[in-house]
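Working notes, beginning with the structure itself.
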Amino acid sequence: MIVRIRFTKHGKVRFTSHRDVARIFERAVRRARLPISYTEGFSPRPKMSFGLALSTGHESEAEYLDMHLHDDTLVRADDLPPLLEPVLPIGITPVAAIEIERPYTSLQEAVNSCTWLIEAVGLEPHALRAALDRAMASHELPITRTRKGKEETDDVRPAMLAAEFVGPTERGAQVIAELATHPRACRPAEFLRALDPSLTEGHVVRTNQWIHDGDVRREPIELAPSPSGHATERVS
Amino acid sequence: MTSVWASLEPHLASVQKPARYIGGELGALTPHPKPGDVGWLLVYPDTYEVGLPNQGLQILYEIVNERDDAWAERSYCPWTDLEAVMRREKIPMFGVDTHAPASEFDVIGFNLAAELVYTNVLNTIDLAGVPVRSADRRPEDPLIAAGGHCTYNPEPLADHLDFVVLGDGEEAIGEITEILAAWKRSGRTEGSRTHVLRDLARLEGVYVPSLYDATYGADGRLIATTPNDPAAPEVVGKRTIADLGDWPYPKNQLVPLTEVVHDRLNVEVFRGCTRGCRFCQAGMITRPVRERPAEQVRHMISEGLRRTGYDEVALTSLSTADYSGIEQVVEATVDDSSPGCWDTSVSLPSLRVDAFTVGIAAQIQKARRTGLTFAPEAGTWRMRQVINKLIREEDLYGAVDSAFSQGWKRVKLYFLTGLPTETDEDTLGIAELARKCVEVGKVHNRNASVTASVGGFVPKPFTPFQWFGQNTVPELRRKMHLLRDDLRRSRGVQFKWHDPKATQIEGLLSRGDRRLGPVIEQVWREGGVFQEWSEHFDLELWEGAMAAHGLSLDDYVHRHRTEDEVLPWDHISAGLHKDFLWQDWRDALDEVGLEDCRWTPCYDCGACTGYSIEHVVASATPPAGGSQGTGQDLGSGGGVPVELGRRPAGVTS
């Protein structure tokens, strides 16, 4: 049985890396005594796969992982969040789980875009607003970035699907942006660089991951709409 | 209670591996101290990855936090990138649990496990906002303390440490806490620091360096280190807990959120070792042997695995295969199929060199048979008699044969070079042994590979080799090159060696005296931190600082000491009689081995008799296949001819 789990990452634990989170889940699964399947071979590992890596330091409302449980298990997908929560560190909270049918597309492949709440530091709010309007009105926004050790100049404008000014923060201002992950991904820091080279990243939260299906987009696991809108409150 | 978290957090995204600074591990505690509670900041003076797994620190962290009059947090050295941020932003040293600044604590206690961290200790004291010299500290400053193996010669840090705890800390930390609580109640007034240090000096196992004066002769030799205060005893002895079964710690081993070394469950199965290897300080200073009851070991393993989610448990001690009933413990762990314990692997970090030990290893490493490590330490039987590591060649070949026949693909062998009386024949014996091990392995595996890892020998206090003049850097390098050249065409042998320059400074600090305080300080002030990291180690800083203070590296490191020489640690006691150590040194030079006293009559080294305690060993018979002399015919030693080596200068026969 393949189960997809949605979890959040907030507070101090956001400084753990993607690999750290994978290791944390491996141990949590053992502590919760879940009937997980192992990979074959020389050094068997629990069968788990994680979606798009979240940069160390970023928070998230919408992280995902798929895990393979024994087919004959009595554990149901709904049982997993309450079973895992007490064995995960403070700040990593499983919020929902669904069983997914085979054959299935991996999270890495399936997800086309993410929505981010990005704190931009380095420009006055009105200047940021202007930079944002300019960027979204342009047809091309080339930036130079290092990929696999090589400097490349790419146009990131096609990956900027939507962006909106939210409001000032203590250190700068907040922007909400939907950035594509396929075919070429655009990270929040690259997005800011494309707006203005003087901008740096403050506090960043991934709020959603999206699977596009024609004109329709949906999340890998949809949550019941929350009455308070975006959960942007910081935990730490 | 205050916290530096708010000022630290904005910078964490821009430093390497920020998860090292956030705390929040499984097993981490959140202290809520009441006014008057004694605060301990327990520091491992190296990076988080190296320090977090340290069991000694975790044991004391739990014991202090279980008390209702004290609290403790943990701290590790910030890497250089965060240190720069902390200095720029004026963020003080902090505990990782609640990020309380160092100034909130009454004591900052360091675990000294290696000499090369001494400059990190000064750096940490400075980052804590405390003057680095004891003499400059004010009543409001925390006391600076240290424990751990290096404190058996605390003299190089005598100017910087307020007090030192020798030996096992489990009981002493409670007694110290009570004295500090009284000090706090008294209001820590002007001049009270001297009083509290005097009270501490009256405790067994506590050494207060400022209550002693070292005097030197016109020739520069130490004359004596004597008390300058009636509260200070002539000789300070170590603390020893009689029964490990009374201290089942850590009960809640920390499980880190990020990668660290030795990332597994650790269960200490015994403390102390009486194999009597003459180079080994740990074996000498932790006597007698105290085994943990088997039932408690099993409980700590099953509870620990269930609680932590680890899939690997290490049974820790010196020479772990000597534990009575090791087979039964290993069997019970591997066969335990209760929930949470499936697929568990066991590791024995300290393997004895014999086929029996490999048999146990085979039982526990059912999968992943990649590499197995043994430490024969020396290349010839003669040399191994000198160091009293009585492994016959047939023991080693038996172990290696057993390893390759059971599917291991690599064997790693640890050796020391620069040992007393070592000749080039002994050094080259390392290459010969490694080649023969490859031959033995090839019977089972065409691609059998043997790694020979060679380190330079550093004489340590409270060992029979404490009088021996360490080999110079050129001499160690010459021996390493001898081996490298000899092994160049030996297929299947990989040769690895340690930097003799760092070995030299380890030797300097290991047997140094109080005059090294200003040297360590200068190296630190010139940026010499993380000296145990090869990318940071800088010999020139040390050479410069020694010269600036008119001291000779050669005299401290390479000179043989004589029997009548006063040693800087003569006012410290590890329980061992100095004449026992001298006799053992003479036996070493005569190539006379000494059997393990766990199973043979007592040699009166002093460790048991001086403390009215005894070995706690569940079985009165030596373990099966035990090498190291016990019950074996050592006449031939594997057919290697015995030859007398040159006597070191300064030692007459």
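Here the protein sequences come in this chain order: A and B. One point on numbering: in our numbering, the residue at position 156 of the first sequence is 136, and numbering is uninterrupted. One point on numbering: in our numbering, the residue at position 153 of the second sequence is 297, and numbering is uninterrupted. Glycine residues also receive a C-beta, built at the ideal position from the N, C-alpha and C atoms. A quick note: this is a predicted structure, and the numbers were derived from the prediction, not measured.
Tell me, please, whether the CB atom of residue i is closer than 9 Å to any CB atom in chain B?
i	result
A:Asp46	no
A:Pro205	no
A:Ser(-3)	yes
A:Lys(-8)	yes
A:Val75	no
A:Pro69	yes
A:Arg224	No statement about residue 224 of chain A is possible, as the shown extent of chain A runs from -19 to 216 and does not include it.
A:Asp195	no
A:Arg3	yes
A:Asp0	yes
A:Glu79	no
A:Glu120	no
State the Cα-Cα distance for the pair residue i and residue j, rounded to the nearest angstrom.
i	j	result
B:Gly613	B:Thr370	26 Å
B:Gly773	B:Ala465	In this prediction, B:Gly773 has a pLDDT of 48, which is less than 50 and means its spatial position is unreliable; nothing more can be read from the coordinates.
B:Ser771	B:Thr295	Bear in mind that a pLDDT of 47 at B:Ser771, under 50, signals an unreliable position, so the model cannot answer this.
B:Ile574	B:Tyr351	41 Å
A:Asp176	A:Glu39	23 Å
B:Trp149	B:Ala325	27 Å
B:Glu676	B:Glu456	28 Å
B:Pro353	B:Ile716	11 Å
B:Leu271	B:Ala246	9 Å
A:His95	A:Ala139	Correcting the residue identity first, residue 95 of chain A is Thr in this sequence and not His. Going by the C-alpha atoms only, they are around 12 Å apart.
B:Gly484	B:Glu169	Bear in mind that the predicted position of B:Gly484 carries a pLDDT of just 49, short of 50, making it too unreliable to give a figure here.
Measuring only between beta-carbons, confirm whether residue i sits less than 9 Å from chain A.
i	result
B:Val399	yes
B:Lys161	yes
B:Trp149	yes
B:Ser780	Interpretation of B:Ser780 is limited by its pLDDT of 45, a score under 50 that renders its predicted location unreliable; no figure is taken from the coordinates.
B:Ile166	yes
Reducing DSSP to helix, strand and coil, say where residue i ends up.
i	result
B:Lys234	coil
B:Leu310	coil
B:Ile207	helix
B:Asp264	Sequence check: residue 264 of chain B is Asn here, not Asp. Helix.
B:Tyr351	strand
B:Lys604	coil
B:Lys382	coil
A:His48	strand
B:Met444	helix
B:Asp213	coil
B:Phe639	strand
B:Asp740	coil
B:Thr477	helix
B:Phe414	strand
B:Pro745	coil
B:Glu798	In the structure as shown, chain B begins at 145 and stops at 797. Residue 798 of chain B is therefore absent and cannot be evaluated.
B:Asp390	helix
B:Arg791	The pLDDT assigned to B:Arg791 is 36, lower than 50, so where the model puts this residue is not dependable; a value taken from the coordinates is nonetheless given after this. It is coil, neither helix nor strand.
B:Ala519	strand
A:Arg25	coil
B:Val148	coil
List the DSSP bridge partners of residue i.
i	result
A:Trp96	A:Ala157 and A:Arg186
B:Pro371	B:Tyr356
B:Ser593	B:Arg554
A:Phe(-13)	A:Glu43 and A:Pro74
A:Asp135	A:Pro122
B:Asn198	Answer is none; B:Asn198 lacks a bridge partner.
B:Tyr454	Per DSSP, none; premise fails for B:Tyr454.
B:Ala289	B:Gly253 and B:Phe307
B:Thr561	B:Gly600
B:Leu226	Per DSSP, none; premise fails for B:Leu226.
B:Lys395	Paired residues: none, contrary to the question.
Worksheet entry | Near-chain B residues of the stretch 5 to 24 of chain A (beta-carbon distance less than 9 Å), N- to C-terminal order | Within the stretch 5 to 24 of chain A, the residues whose Cβ lies closer than 9 Å to some Cβ of chain B are Glu6, Arg7, Ala8, Val9, Arg10, Arg11, Ala12, Arg13, Tyr18, Phe22, Ser23 and Pro24, listed in chain order.
What are the residues in the stretch 228 to 253 of chain B lying within 9 Å of chain A by C-beta distance? Cβ contacts with chain A: none found.
Residues of the stretch 30 to 41 of chain A in Cβ contact with chain B at a cutoff of 9 Å, in chain order, please.
Sequence-ordered contacts of the stretch 30 to 41 of chain A with chain B read Ser35, Thr36, Gly37 and His38 [C-beta pairs closer than 9 Å].
Item checked: Residues of the stretch 398 to 421 of chain B with Cβ closer than 8 Å to any Cβ of chain A, in chain order -> So the close ones are Val399, Leu401, Thr402 and Glu403.
Taking beta-carbon pairs under 9 Å, can you tell me which members of the stretch 732 to 757 of chain B lie near chain A?
Flagged: no residues at all.
Between the stretch 436 to 462 of chain B and chain A, which residues of the former have a C-beta closer than 9 Å to a C-beta of the latter?
Under the 9 Å Cβ criterion, the stretch 436 to 462 of chain B contributes Leu449, Arg450, Arg451, Thr452, Gly453, Tyr454 and Asp455.
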